[in-house]
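Student: I'd like to ask you about the structure that follows.
Protein chains: 2
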Amino acid sequence: MAVLALDIGATKLAAGVVHGGRAVREVRQVKVPGEGVWEACRGLLVEVAGAERVSAVGIGSAGPVDVRSGVASPLNIPEWRDGFPIVAAVQELFPGAVIRFAIDGACLALAEHHLGGLRGLRDGLAMTVSSGIGGGIIIDGRVAVGRTGNAGHIGHIVVPGWEEPCGCGGVGCVEAVASGMSSVRWARSRGWGGNTGVELSEAARAGDEIALAALARSGTALGQAISSAAALLDIDRVVIGGGFAESGAPLWDPLRAAIAKHARLGFTRGLRVVKSRITNGATLVGAGVLAAGHATADEYD
Amino acid sequence: MAVLALDIGATKLAAGVVHGGRAVREVRQVKVPGEGVWEACRGLLVEVAGAERVSAVGIGSAGPVDVRSGVASPLNIPEWRDGFPIVAAVQELFPGAVIRFAIDGACLALAEHHLGGLRGLRDGLAMTVSSGIGGGIIIDGRVAVGRTGNAGHIGHIVVPGWEEPCGCGGVGCVEAVASGMSSVRWARSRGWGGNTGVELSEAARAGDEIALAALARSGTALGQAISSAAALLDIDRVVIGGGFAESGAPLWDPLRAAIAKHARLGFTRGLRVVKSRITNGATLVGAGVLAAGHATADEYD
Chain A
1 MAVLALDIGA
11 TKLAAGVVHG
21 GRAVREVRQV
31 KVPGEGVWEA
41 CRGLLVEVAG
51 AERVSAVGIG
61 SAGPVDVRSG
71 VASPLNIPEW
81 RDGFPIVAAV
91 QELFPGAVIR
101 FAIDGACLAL
111 AEHHLGGLRG
121 LRDGLAMTVS
131 SGIGGGIIID
141 GRVAVGRTGN
151 AGHIGHIVVP
161 GWEEPCGCGG
171 VGCVEAVASG
181 MSSVRWARSR
191 GWGGNTGVEL
201 SEAARAGDEI
211 ALAALARSGT
221 ALGQAISSAA
231 ALLDIDRVVI
241 GGGFAESGAP
251 LWDPLRAAIA
261 KHARLGFTRG
271 LRVVKSRITN
281 GATLVGAGVL
291 AAGHATADEY
301 D
Chain B
302 MAVLALDIGA
312 TKLAAGVVHG
322 GRAVREVRQV
332 KVPGEGVWEA
342 CRGLLVEVAG
352 AERVSAVGIG
362 SAGPVDVRSG
372 VASPLNIPEW
382 RDGFPIVAAV
392 QELFPGAVIR
402 FAIDGACLAL
412 AEHHLGGLRG
422 LRDGLAMTVS
432 SGIGGGIIID
442 GRVAVGRTGN
452 AGHIGHIVVP
462 GWEEPCGCGG
472 VGCVEAVASG
482 MSSVRWARSR
492 GWGGNTGVEL
502 SEAARAGDEI
512 ALAALARSGT
522 ALGQAISSAA
532 ALLDIDRVVI
542 GGGFAESGAP
552 LWDPLRAAIA
562 KHARLGFTRG
572 LRVVKSRITN
582 GATLVGAGVL
592 AAGHATADEY
602 D
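Same order as they appear, the protein sequences are chains A and B. Residue numbers 1 to 301, in our numbering, belong to the letters of the first sequence in order. Residue numbers 302 to 602, in our numbering, belong to the letters of the second sequence in order.
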């Protein structure tokens, strides 16, 4: 009997086999195709299951999701923009299996809470800062789910100072200002010639002024959004993963400066923001924790 | 045997007797004195208890609080700025009683969840907009407590467009922009001659341009903060009480316009913000619900 984990990300799909309730091995992944996203997920799941019967599948998906109806409609998967019934599809593939479904941010929070920087804490925030910005909340010892399963959408906290249009249709969301993709767009509009977040981070480390300004802008906005979340949730630990969080001091110094400026209530003054140590596939790891049955409100740890 | 409720507000102290687990009667209240705040609380509690033995007391206090140590340190009570051990003091007054303690915003959320606009919902936000701005969160069917009991501090979400210094030591908090007191200060700095939030609301209704601009500014900032909270928490219902929320269309129209602009994710698009119908002492009512034993995570409704 195998327990599987599936990660439906903004740029890639990944699946693996869950061992011992937490480690995910035999991982296979592909880029999100323009068409046939479900067929690609099915292919991965069938491949990692091999000849074993499947007893449970944990699915983490980029948001928004609707966990009540088992539907995923990630902003960055146009084919699924109107919603894809992922739970029903996986259930049809493995009729006897228990299917558990959560937004990627909740999986991230589960992974950090079980194995990473939020371990042992009753309250905390896990974030990813890469092409987009997402997150998940631990509050009063449990992962917050929310009305439709979308709690943790920190990427759409409105931040001061910018009026950028956001992919969600809103304006001034931290994702529209501070994500890798948004930072690259901003730097390019000011004449920087690179194309990716990785290149932007490297340019900043090499002293490029536009790149440095882009990362300072991102870090400041992230620090503001984190300060807002810390006040609202009464948390003092935030763990950030994702590729763009690897940008080093040019991102982290302005982030910490913004927190020093804004997180001034007694209970937020000790706020610590640290880099995730789960370097590889935290969402998939969290989907594995989910599959192992830890994430429903009452069972959960 | 009597169950008592105590509300330690920013401007007044109130106490009463809890009937049937929710209604609070025989209410007595006084303004927060400059000195002798605890003596004033004690006087109210002793008066409402009368000759009865006290079995339980629910205490709601303006924040910040530390529910782990039972200490209140409301920003607006200078005498308690370094923290007053309210739980120990009330316990000493009524040695046999069960003492339950929460921030005012959590009490507000309890009141709205049991008796008001959040009834029957698993997720929602209760707010007060008066001299200050506070709130409480219902998430996954329970009142969020947070690490130190301060979850729900929506007044310190950072909002775009202003760099006002806040009482918390931070900058740009929605409380520093949008509370009754902040709005009065802003209007006065532009030449308006009144002194209170009530006067400001009346002036706006009478067409005073500075007053209208002050309320538009407040409503916009509130709508931005609410949109941020709705994305982070996945809620679609917000209930607002407090005197300044009685300002009518000059406040509510810009508030709703800001929500229409910012709350654009699928799961926040149906966000409804309504005025509280608990017109009298929602925090005290919530402290009563708390006293009746509903608020600890597992017992709670």
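Cβ coordinates follow ideal geometry from the N, Cα and C atoms, glycine included.
(1) For A:Ala-295, is the classification buried or exposed, using 16 other Cβ atoms within 10 angstroms of its Cβ as the cut-off for buried?
(2) Would you kindly work out how many angstroms separate the C-alpha atoms of A:Arg-256 and A:Ala-263, rounded to a whole number?
(3) Using the C-alpha atoms, what's the distance from A:Glu-26 back to A:Gly-63?
(4) Check each candidate in A:Thr-128, A:Gly-50, A:Leu-110 and name the one with the smallest Cα separation from A:Gly-9.
(5) Find the residues of chain B that neighbour A:Asn-150, judging by a C-beta separation of less than 7 Å, and give them in chain order.
(6) Count the other C-beta atoms from every protein chain shown that fall within 10 angstroms of the C-beta of B:Val-539, then say buried if there are 16 or more, exposed otherwise.
(7) Which residues in chain A sit within 7 Å of B:Val-446, going by Cβ to Cβ distance?
(8) To the nearest angstrom, how far is the alpha carbon of A:Ile-210 from that of A:Trp-162?
(9) Can you give me, in chain order, the residues of the segment 218-245 of chain A that have a beta carbon less than 7 Å from any beta carbon in chain B?
(10) Would A:Ser-179 count as contacting chain B if we go by Cβ distances under 8 Å?
(11) Quick one: what does DSSP say B:Ala-564 is sitting in, helix, strand or coil?
(12) For A:Asp-82, is the classification buried or exposed, using 16 other Cβ atoms within 10 angstroms of its Cβ as the cut-off for buried?
(13) Whose CA, out of B:Gly-520, B:Ala-352, B:Arg-486, B:Cys-408, lies closest to the CA of B:Ile-360?
(14) Would you kindly work out how many angstroms separate the C-alpha atoms of B:Val-349 and B:Leu-513, rounded to a whole number?
(15) Once you ignore the five residues that flank A:Asp-298 on each side, which residues in its own chain have a CB closer than 8 Å to its CB?
(16) Within 8 Å of any Cβ in chain A, is that where the Cβ of B:Gly-470 sits?
(17) Within the chosen definition, does the segment 451-466 of chain B reach the segment 494-501 of chain B through at least 3 CB pairs nearer than 8 Å?
(18) Quick one: which chain B residues come within Cβ less than 7 Å of A:Asp-208?
(19) Pair every Cβ in the segment 139-151 of chain A with every Cβ in the segment 517-535 of chain B, then say whether three or more of these pairs are closer than 8 Å.
(20) CB-CB under 8 Å to B:Gly-397, same chain, minus the five flanking residues each way: which ones, in chain order?
(21) Please report the distance separating the alpha-carbon of A:Thr-11 from that of A:Met-181.
(22) Under 8 Å, do A:Val-302 and A:Ala-291 count as touching if we go by C-beta distance?
(23) Scan the segment 113-126 of chain A for residues whose Cβ lies nearer than 7 Å to a Cβ of chain B and list them as they occur along the chain.
(24) List, in order along the chain, the chain B residues whose C-beta lies closer than 8 Å to that of A:Gly-161?
(25) Quick check on the burial criterion: 16 or more other C-beta atoms within 10 angstroms. Buried or exposed for B:Gly-321?
(26) Quick check on the DSSP output: what are the complete alpha helix (DSSP H) runs of length 4 or more inside the segment 457-538 of chain B, in order along the chain?
(27) Hey, A:Ser-69 and A:Ile-86: beta-carbon distance below 8 Å or not?
(28) What does the alpha-carbon distance come out to for the pair A:Gln-29 and A:Ala-2?
(29) By the three-class DSSP mapping on this structure, what secondary structure does A:Glu-299 have?
(30) Quick one: grab the DSSP three-state call for B:Val-446.
(31) Among residues of its own chain, excluding the 5 on either side of A:Asp-66, which ones have a beta-carbon nearer than 6 Å to its beta-carbon?
(32) For B:Ala-505, collect the residues of the same chain with a Cβ closer than 7 Å to its Cβ; drop the 5 residues on either side in sequence, then sort them by chain order.
(33) Which residues in chain B sit within 8 Å of A:Ile-8, going by Cβ to Cβ distance?
(34) When burial is assigned at 16 or more other CB atoms within 10 Å of the CB, is A:Val-184 buried or exposed?
(35) Could you tell me whether any Cβ in chain A is nearer than 8 Å to the Cβ of B:Arg-565?
(36) Return the residue from the list B:Glu-340, B:Ser-528, B:Leu-376, B:Ala-412 that minimises the CA-CA distance to B:Thr-580.
Tutor: Looking at the coordinates:
(1) Walking along the first sequence from the start, residue 295 of chain A turns up at place 295. Annotation note: pLDDT 48 at A:Ala-295 (below 50); position unreliable, coordinate value reported separately. With 16 or more other Cβ atoms within 10 Å, it is buried.
(2) The residue labelled residue 256 of chain A in the question sits at position 256 within the first sequence. The residue labelled residue 263 of chain A in the question sits at position 263 within the first sequence. If I take the Cα positions, the gap works out to 10 Å.
(3) On the first sequence, position 63 is the one that residue 63 of chain A refers to. On the first sequence, position 26 is the one that residue 26 of chain A refers to. The alpha-carbon atoms of A:Gly-63 and A:Glu-26 are separated by roughly 25 Å.
(4) The residue labelled residue 9 of chain A in the question sits at position 9 within the first sequence. Among A:Thr-128, A:Gly-50, A:Leu-110, the Cα nearest to that of A:Gly-9 belongs to A:Thr-128.
(5) Counting from one through the first sequence, the residue named residue 150 of chain A turns up at place 150. In chain order: Asp-535, Phe-568.
(6) To locate residue 539 of chain B, count along the second sequence from 1; it is residue 238. Buried is the call here.
(7) As a working mapping, residue 446 of chain B is identified with position 145 in the second sequence. Going along chain A in sequence order, the residues near B:Val-446 (Cβ under 7 Å) are Asp-140.
(8) Within the first sequence, the letter at position 210 stands for residue 210 of chain A. Within the first sequence, the letter at position 162 stands for residue 162 of chain A. Distance between the alpha carbons of A:Ile-210 and A:Trp-162: 17 Å.
(9) Gln-224, Ser-227, Ser-228, Ala-229, Ala-231, Leu-232, Leu-233, Asp-234, Ile-235, Asp-236
(10) Position 179 of the first sequence holds residue 179 of chain A. It does not: the Cβ of A:Ser-179 has no partner Cβ on chain B nearer than 8 Å.
(11) Position 263 of the second sequence, counted from the first residue, corresponds to residue 564 of chain B. Looking at B:Ala-564 - three-state DSSP - the assignment turns out to be coil, as it is neither helix nor strand.
(12) Here residue 82 of chain A is taken as the residue at index 82 of the first sequence, counted from 1. Exposed is the call here.
(13) Position 59 of the second sequence, counted from the first residue, corresponds to residue 360 of chain B. Nearest option by C-alpha distance: B:Cys-408.
(14) Translated into positions along the second sequence, residue 349 of chain B becomes position 48. Translated into positions along the second sequence, residue 513 of chain B becomes position 212. The straight-line gap from Cα to Cα measures roughly 42 Å.
(15) Position 298 of the first sequence, counted from the first residue, corresponds to residue 298 of chain A. The predicted position of A:Asp-298 is uncertain, since its pLDDT is 35 and thus under 50; no value can be drawn from it.
(16) Residue 470 of chain B sits at position 169 when you count from the first residue of the second sequence. So yes, B:Gly-470 belongs to the interface.
(17) no
(18) In the first sequence, residue 208 of chain A corresponds to position 208, counting from 1. The premise fails here: A:Asp-208 is roughly 28 Å from chain B at the closest Cβ pair, so nothing lies under 7 Å.
(19) yes
(20) Reading the second sequence from its first residue, position 96 is the one you call residue 397 of chain B. Within the same chain, B:Gly-397 has close Cβ partners Arg-354, Val-355, Ser-356.
(21) Position 11 of the first sequence holds residue 11 of chain A. Position 181 of the first sequence holds residue 181 of chain A. The alpha-carbon atoms of A:Thr-11 and A:Met-181 are separated by roughly 12 Å.
(22) What is shown of chain A runs 1 to 301, which leaves residue 302 of chain A out entirely.
(23) Arg-122, Asp-123
(24) Along the first sequence, one-based indexing puts residue 161 of chain A at 161. Those are Pro-461, listed as they occur along chain B.
(25) As a position in the second sequence, residue 321 of chain B is number 20, starting the count at 1. Under this definition B:Gly-321 is an exposed residue.
(26) 475-479, 481-490, 498-506, 510-534
(27) Translated into the one-based positions of the first sequence, residue 69 of chain A becomes position 69. Translated into the one-based positions of the first sequence, residue 86 of chain A becomes position 86. Not in contact: A:Ser-69 and A:Ile-86 (Cβ atoms no closer than 8 Å).
(28) Residue mapping note: residue 29 of chain A aligns to position 29 of the first sequence, counting from 1. Residue mapping note: residue 2 of chain A aligns to position 2 of the first sequence, counting from 1. So the two alpha carbons sit approximately 18 Å from each other.
(29) As a working note, residue 299 of chain A is residue 299 in the first sequence. Here A:Glu-299 scores only 38 on pLDDT, less than 50, and its place in the model should not be relied on; the value that follows carries that caveat. Here A:Glu-299 sits in coil by DSSP.
(30) Taking the first residue of the second sequence as 1, we reach residue 446 of chain B at position 145. Reduced to three states, the DSSP call for B:Val-446 is coil.
(31) Working through the first sequence from its first residue, we reach residue 66 of chain A at position 66. The answer, listed in chain order, is Thr-148.
(32) For the purposes of this step, residue 505 of chain B is taken as residue 204 along the second sequence, with counting starting at 1. If we look at B:Ala-505 and ignore the five residues flanking it on each side, its Cβ neighbours are Ala-512, Leu-513, Leu-516, Ser-548, Pro-551.
(33) Along the first sequence, one-based indexing puts residue 8 of chain A at 8. None at all; the shortest Cβ gap to chain B is about 16 Å.
(34) Taking the first residue of the first sequence as 1, we reach residue 184 of chain A at position 184. Buried, since its Cβ has 16 or more Cβ neighbours within 10 Å.
(35) As a position in the second sequence, residue 565 of chain B is number 264, starting the count at 1. Closer than 8 Å: yes.
(36) Within the second sequence, numbered from 1, the residue matching residue 580 of chain B stands at position 279. That would be B:Ala-412, whose Cα lies nearest to the Cα of B:Thr-580.
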